[in-house]
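For the sequence shown, the numbering used here assigns the number 48 to the initial residue and increments by one for each residue that follows. Ideal Cβ positions, reconstructed from N, Cα and C, are used throughout, including at glycine.
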Amino acid sequence: PTDKHKTDLNPDNLQGGDDLDPNYVLSSRVRTGRSIRGFCLPPHCSRGERRGIESLSVEALGVLDGDLKGKYYALKDMTDEEQQQLIDDHFLFDKPVSPLLLASGMARDWPDARGIWHNDNKTFLVWVN
């Protein structure tokens, strides 16, 4: 019970991945979920908390530069063309329709404070939902 999860956010401590054969590995995908200290998870967070998460995410992602520099697209402000392009690219998430997700509150206040951020090359994406 005294053990705690070790958090190491130093990218210099990452190991491996530099020896992948490009003849076989064309791309890879890493998917993770968020847990931001001080905020409830999506089914329970309020509209204000969700907006705070969106603001915090956009601010943090906005300082990225180099090959990670990009732009945030708020779902509620997205043009039809932007939305269709992101759907065609298989990047955009849909409004939850599952009865389980709807009952849990995942679609509450849709599409408020939800969006997608991607770098200029569309090789690094973050969903804010």
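- Counting other Cβ atoms within 10 Å of its Cβ, VAL175 reaches 16 or more and is therefore classed as buried.
- Between the segment 150–169 and the segment 105–119, the count of C-beta pairs closer than 8 angstroms reaches three or more; the two stretches touch.
- Positions of the beta strand (DSSP E) runs, each at least 3 residues long and wholly inside the segment 79–140, are given as 117–121 in order along the chain.
- Of ASP167, VAL110, ARG76, ARG94, the smallest CA-CA separation from GLY64 is found for ARG76.
- Here DSSP, grouped into helix, strand and coil, assigns ASN166 to strand.
- Beta-carbon to beta-carbon, ASP159 and ARG94 are separated by about 6 angstroms, close enough to satisfy the 8 angstroms threshold.
- Counting only the Cα atoms, ASP167 lies some 10 angstroms from GLY113.
- Beta-bridge annotation (DSSP): VAL72 is not paired with any residue.
- In the DSSP assignment, the residues bridged to VAL175 are GLY162.
- Counted as a single uninterrupted DSSP element, the stretch harbouring SER145 is not any alpha helix (DSSP H), since DSSP gives it neither H nor E.
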